[in-house]
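**Student:** Take a look at this one; I'll ask things after.
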Amino acid sequence: MNIQNKTVLVLGGWGLVGSAVARKLVDDNPKRIVITSLKYSEAEDAVSKLEKEFPEKGKNYFIPWGGDLFVRNEFKDENRLKLLSDKEKRKILMSDIMDELTDDIIKSSSIYHLLNQYKPEIIIDCINTATAIAYQDIYSSYRSVTRAIKNSNSHETLVDEVEKLLCTLYIPQLIRHVQLLYSCMSIIKSEIYLKIGTSGTGGMGLNIPYTHSEEKPSRVLLSKSSIAGAHTLLLFLMARTPEGPITKEIKPTAAIAWKRIEFGEIKRRGQPIELLNVSIDEAVPLKGKFEICTDKQYRSSGETLKSVFIDTGENGIFSRGEFETITAQKQMEFVTPEEIADVVIYEIKGGNTGHDIVSSLDHATMEPTYRAGYLQHMAVDKLRQLEKENNVSSVAFELLGPPRLSKLLFEIYLIGLNCKTMKDILDKNPEQLSNECLENILNNSKLRSEMVSIGIPILLPNGESLLRGNNIKIPAFHGENVLELNNENIDKWSNEGWVDLRPSNMKKWQNRIKELIEEAEAIPSDDTSSHHVRTKAYWHNFEEINIGKICSWLFIHEEHGTRMKA
684 MNIQNKTVLV LGGWGLVGSA VARKLVDDNP KRIVITSLKY SEAEDAVSKL
734 EKEFPEKGKN YFIPWGGDLF VRNEFKDENR LKLLSDKEKR KILMSDIMDE
784 LTDDIIKSSS IYHLLNQYKP EIIIDCINTA TAIAYQDIYS SYRSVTRAIK
834 NSNSHETLVD EVEKLLCTLY IPQLIRHVQL LYSCMSIIKS EIYLKIGTSG
884 TGGMGLNIPY THSEEKPSRV LLSKSSIAGA HTLLLFLMAR TPEGPITKEI
934 KPTAAIAWKR IEFGEIKRRG QPIELLNVSI DEAVPLKGKF EICTDKQYRS
984 SGETLKSVFI DTGENGIFSR GEFETITAQK QMEFVTPEEI ADVVIYEIKG
1034 GNTGHDIVSS LDHATMEPTY RAGYLQHMAV DKLRQLEKEN NVSSVAFELL
1084 GPPRLSKLLF EIYLIGLNCK TMKDILDKNP EQLSNECLEN ILNNSKLRSE
1134 MVSIGIPILL PNGESLLRGN NIKIPAFHGE NVLELNNENI DKWSNEGWVD
1184 LRPSNMKKWQ NRIKELIEEA EAIPSDDTSS HHVRTKAYWH NFEEINIGKI
1234 CSWLFIHEEH GTRMKA
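Residue 1215 in my numbering sits at position 532 of the sequence shown; the count goes up by one each step and never skips.
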């Protein structure tokens, strides 16, 4: 696509790759470039450097934005540990991650506020999402919970630690992040989303020797790789979603370096490393038990650690020895941010570098085959034959899901028991169809039993009575066993998984069949090209009611659940 005159959003634009991408973008003359970082000061710093490098672009060409994109907008500038320590805010955070995605959750998110403010056509995501999530370290949360369980005298402490654990779970956080990102991009009509991902290990395997004092291979590091892989598969699904943004991912498998090489103060987590003055006389005798954390305060020398270092951006600063080790042949080695930026820009402009993971998965995965398509007809014919031989109707078992599919299959099956053709459905009024379906339910105890036994209740025509079994699929049980009965809930549940015999639902079915017929009849009879699939011939000129074909048509039209790629 053309980058010129487009708004480009660079997530994580203060970082090593983000900065390189922003500089490379300027040559293609976007309308403006929005630079984000966790801290607003970092985004300002990145913008300040870009403005000095490209003074001809003037003010407001590079725009800074700061905040945490993994929380709601009101929390975006708060420290995550403080959020988790605040009971009320923690409950909101937990709900935002775990509850069903709603319009309120979407529009409360910092992602929505950012995208809605600038409406970028192009989004380049340079945030190390896998690190941001994995380094919350669920294993530390686990240890806190187990300690709270052992000290069971404090119920309140246990509740606090369990809530923190729920907020730390990796996959729910990742799923919600991708859900929000996709929903917000769909709302503002972003055209392309390109992610710079990670392998989690700099391209190395399970034998990676670099850890943060954990066992080898490190569980935390493998968590990072696991999240990176899960993230890629979610982007793979996003790329297969019709009407969504073009989705790509570049995944460097080496260390990324570098930003600067200098002599200066060495910092850990943003704070200078204090040099301690420890004499030989203060050696600790190795007897009895060893204390990891000690109450003894060692004397400060009054100085901080200063040395020569290489800044590798988000991965931190390394000494010469550390950098030389990690980038040596047969170790992580490294790739420069400028090389990554070149690939990013080329891919956005429609080039094929061979480095798009999503495209690679498309080519590497097995697709539907001609043989399977041919055999599908044989399988369906065999199923029909066995139905006749055993005098049964194989409608739905509620093993595939969703319950809505079972409900739809049973409804059109019930309608078809008294209508030989699709057009017969249109010749009756909704009340007549409703009464006929009720008669079928009353007179066919086996059919009635099958529905309620698989968890699909039957809403009777008056809308005030429900036939049900021991278990029901809808409403799903989410911890609350007693729910309010009102018209809104009844309509919602009947839409999701109740066989609905009300005349209003029969009218809905008539509208569906009418639309289906009109779609097929609109295809010119002399058009024998390969363009159309669901022709009158596909529907056997509407002379039969094929419940599976009709429901597949509904899933495409009503659920927008069409397959985008072969």
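Ideal placement from N, C-alpha and C gives every residue a C-beta, glycine not left out.
This one's a predicted model, so the numbers in the text were calculated from it and none came from an experiment.
1. State whether the stretch 923 to 934 contacts the stretch 871 to 879, with contact taken as three or more CB pairs (one from each stretch) at a distance under 8 Å.
2. Name the residue from Leu852, Cys850 and Ser827 whose alpha carbon lies nearest to the alpha carbon of Thr840.
3. Measuring CA to CA, which of Asp710, Lys742 and Ile746 is closest to Leu694?
4. Which class does Leu1116 belong to by DSSP, given the choice of helix, strand or coil?
5. For Ile1251, collect the residues of the same chain with a Cβ closer than 8 Å to its Cβ; drop the 5 residues on either side in sequence, then sort them by chain order.
6. Roughly how many angstroms separate the alpha carbons of Lys1090 and Asn1188, rounded to a whole number?
7. On the criterion of 16 or more Cβ atoms from any shown chain inside 10 Å, does Phe1093 qualify as buried, or is it exposed?
8. By Cβ distance, which residues of its chain are closer than 8 Å to Arg1246, with the 5 residues on each side in sequence left out?
9. Can you give the Cα-Cα distance for Trp1192 and Ile910, rounded to whole angstroms?
10. What's the call for Gly996, buried or exposed, on a 16-neighbour Cβ count within 10 Å?
11. Please report how far the alpha carbon of His1243 lies from the alpha carbon of Tyr865, in whole angstroms.
12. Apply the 10 Å Cβ neighbour rule to Gln819 and answer buried if 16 or more other Cβ atoms are within range, or exposed otherwise.
13. For the alpha helix (DSSP H) containing Asp1045, name the first residue and the last one.
14. Does the distance from the C-beta atom of Gly1152 to that of Ser1136 stay below 7 Å?
15. Since Asp1174 contacts Lys707 with CB under 8 Å, what's their CB separation in whole angstroms?
16. Output the residue ranges of the alpha helix (DSSP H) runs that lie fully inside the stretch 879 to 923 and measure 4 residues or longer, sorted by chain position.
17. Alpha carbons only, please: which of Val704, Ile1139, Ser906 and Ser869 is nearest the one belonging to Ser882?
18. CB-CB under 8 Å to Leu766, same chain, minus the five flanking residues each way: which ones, in chain order?
19. Just the Cα atoms here: how many angstroms apart are Leu1069 and Leu1168?
20. Go through its chain and collect everything with a Cβ distance to Thr1036's Cβ below 7 Å, but skip five positions before and after it.
21. For the candidate residues Gln1115, Tyr1096 and Leu1130, whose alpha-carbon lies nearest to that of Ile1230?
22. For my contact list, Ile939 and Phe1017 are in at a C-beta cut-off of 8 Å; report their separation, rounded to the angstrom.
23. Exposed or buried, which one is Met1061 when buried takes at least 16 other CB atoms within 10 Å?
24. Along the beta strand (DSSP E) that carries Phe753, what are the first and last residues, could you check?
25. With distances taken Cα to Cα, identify the nearest neighbour of Glu948 among Ile1000, Leu916 and Pro968.
26. Could you compute how far the alpha carbon of Ile891 sits from the alpha carbon of Glu898?
27. List the DSSP bridge partners of Val717.
28. Using DSSP's beta-bridge definition, name the partner residues of Thr955.
29. With Ser791 as the anchor, note down where its beta strand (DSSP E) starts and where it stops.
30. Assuming Thr977 contacts Pro803 (C-beta within less than 8 Å), just tell me the rounded distance between them.
31. Rounded to whole angstroms, how far is the Cβ of Gly885 from the Cβ of Ala937, which I believe are closer than 8 Å?
32. How big is the Cα-Cα spacing for Ser824 and Gly1004?
33. Going by DSSP, what residues sit across from Arg943 in a beta bridge?
34. Would DSSP call Ser1252 helix, strand or coil?
35. Would you check if the stretch 854 to 863 and the stretch 786 to 805 touch, i.e. whether three or more CB-CB distances between them fall below 8 Å?
36. Which residues mark the beginning and the end of the alpha helix (DSSP H) in which Thr1008 is found?
**Tutor:** Quick look at the numbers:
1. The stretch 923 to 934 is in contact with the stretch 871 to 879.
2. Here residue 840 is taken as the residue at index 157 of the sequence shown, counted from 1. It is Ser827 whose Cα lies nearest to the Cα of Thr840.
3. By 1-based counting over the sequence shown, the position of residue 694 is 11. Relative to the Cα of Leu694, the nearest Cα in the group Asp710, Lys742 and Ile746 belongs to Ile746.
4. For the purposes of this step, residue 1116 is taken as the residue at position 433 of the sequence shown. Three-state DSSP puts Leu1116 in a helix.
5. A query on residue 1251 cannot be resolved here, the shown segment of the chain reaching from 684 to 1249 and no further.
6. Here residue 1090 is taken as the residue at index 407 of the sequence shown, counted from 1. Here residue 1188 is taken as the residue at index 505 of the sequence shown, counted from 1. Spanning the alpha carbons of Lys1090 and Asn1188 requires a straight line of approximately 12 Å.
7. Position 410 of the sequence shown, counted from the first residue, corresponds to residue 1093. Buried is the call here.
8. Position 563 of the sequence shown holds residue 1246. Cβ neighbours of Arg1246 beyond the five flanking positions: Arg923.
9. Taking the sequence shown and counting its residues from 1, the one referred to as residue 1192 is at position 509. Taking the sequence shown and counting its residues from 1, the one referred to as residue 910 is at position 227. About 43 Å.
10. For the purposes of this step, residue 996 is taken as the residue at position 313 of the sequence shown. When all chains shown are included, Gly996 counts as buried.
11. Walking along the sequence shown from the start, residue 1243 turns up at place 560. Walking along the sequence shown from the start, residue 865 turns up at place 182. If you take the alpha carbons of His1243 and Tyr865, they lie about 15 Å apart.
12. Taking the sequence shown and counting its residues from 1, one reaches residue 819 at position 136. By the neighbour-count rule (16 or more Cβ atoms within 10 Å), Gln819 is buried.
13. The residue given as residue 1045 occupies position 362 in the sequence shown. Here the alpha helix (DSSP H) through Asp1045 covers Ile1040 to Ala1047.
14. In the sequence shown, the residue the question calls residue 1152 occupies position 469. In the sequence shown, the residue the question calls residue 1136 occupies position 453. In this structure, Ser1136 lies closer than 7 Å to Gly1152 by Cβ.
15. Within the sequence shown, numbered from 1, the residue matching residue 1174 stands at position 491. Within the sequence shown, numbered from 1, the residue matching residue 707 stands at position 24. Not really, about 52 Å apart at Cβ, beyond 8 Å.
16. With a minimum length of 4 residues, the continuous alpha helix (DSSP H) runs that stay inside the stretch 879 to 923 are 902 to 921.
17. For the purposes of this step, residue 882 is identified with residue 199 of the sequence shown, where counting begins at 1. The closest CA to that of Ser882, considering only Val704, Ile1139, Ser906 and Ser869, is found on Ser906.
18. Position 83 of the sequence shown, counting from 1, holds the residue named residue 766. Contacts found: Val754, Phe758, Lys772, Arg773 and Leu776.
19. Working through the sequence shown from its first residue, we reach residue 1069 at position 386. Working through the sequence shown from its first residue, we reach residue 1168 at position 485. If you take the alpha carbons of Leu1069 and Leu1168, they lie about 42 Å apart.
20. Reading the sequence shown from its first residue, position 353 is the one you call residue 1036. Listed in chain order, the non-local C-beta contacts of Thr1036 below 7 Å within the same chain comprise Val1026, Tyr1029 and Glu1030, local neighbours out to five positions each way being set aside.
21. Taking the first residue of the sequence shown as 1, we reach residue 1230 at position 547. Among Gln1115, Tyr1096 and Leu1130, the Cα nearest to that of Ile1230 is on Tyr1096.
22. Taking the sequence shown and counting its residues from 1, the one referred to as residue 939 is at position 256. Taking the sequence shown and counting its residues from 1, the one referred to as residue 1017 is at position 334. Rounded, the Cβ-Cβ distance is 7 Å, consistent with contact.
23. Position 378 of the sequence shown, counted from the start, is the residue given in the question as residue 1061. Taking all protein chains in view, the Cβ of Met1061 is surrounded by fewer than 16 other Cβ atoms within 10 Å, so the residue is classified as exposed.
24. Counted from its first residue, the sequence shown places residue 753 at position 70. Looking at the DSSP string, Phe753 is not in any beta strand (DSSP E), and its letter there is neither H nor E.
25. Numbered from 1 along the sequence shown, position 265 holds the residue referred to as residue 948. Comparing Cα-Cα distances from Glu948 to each of Ile1000, Leu916 and Pro968, the minimum goes to Ile1000.
26. As a first step, residue 891 must be located in the sequence shown, where it is residue number 208. As a first step, residue 898 must be located in the sequence shown, where it is residue number 215. Each residue's Cα considered, the two are about 11 Å apart.
27. Within the sequence shown, the letter at position 34 stands for residue 717. Val717 has Leu692 and Ile746 as its beta-bridge partners, per DSSP.
28. In the sequence shown, residue 955 corresponds to position 272, counting from 1. Strictly speaking, residue 955 in this sequence is Pro, with Thr absent from that position. According to DSSP, which records beta bridges pairwise, Pro955 is partnered with Lys950.
29. Position 108 of the sequence shown holds residue 791. Looking at the DSSP string, Ser791 is not in any beta strand (DSSP E); the run it does join, the alpha helix (DSSP H), is Asp786 to Ser791.
30. Taking the sequence shown and counting its residues from 1, the one referred to as residue 977 is at position 294. Taking the sequence shown and counting its residues from 1, the one referred to as residue 803 is at position 120. Actually they do not touch by this definition, with Cβ atoms about 51 Å apart.
31. Numbered from 1 along the sequence shown, position 202 holds the residue referred to as residue 885. Numbered from 1 along the sequence shown, position 254 holds the residue referred to as residue 937. With a contact defined as Cβ atoms closer than 8 Å, Gly885 and Ala937 qualify at about 6 Å.
32. Taking the sequence shown and counting its residues from 1, one reaches residue 824 at position 141. Taking the sequence shown and counting its residues from 1, one reaches residue 1004 at position 321. Cα to Cα, the separation comes out at about 34 Å.
33. The residue you call residue 943 lines up with position 260 of the sequence shown. DSSP lists Asp994 as partners of Arg943.
34. Residue numbering for the chain in the displayed model covers 684 to 1249; residue 1252 lies beyond these limits and cannot be assessed.
35. Contact holds between the stretch 786 to 805 and the stretch 854 to 863, because three or more Cβ pairs, one in each stretch, are under 8 Å apart.
36. Along the sequence shown, one-based indexing puts residue 1008 at 325. Taken as a continuous stretch (DSSP letters only), the alpha helix (DSSP H) holding Thr1008 covers Arg1003 to Ile1009.
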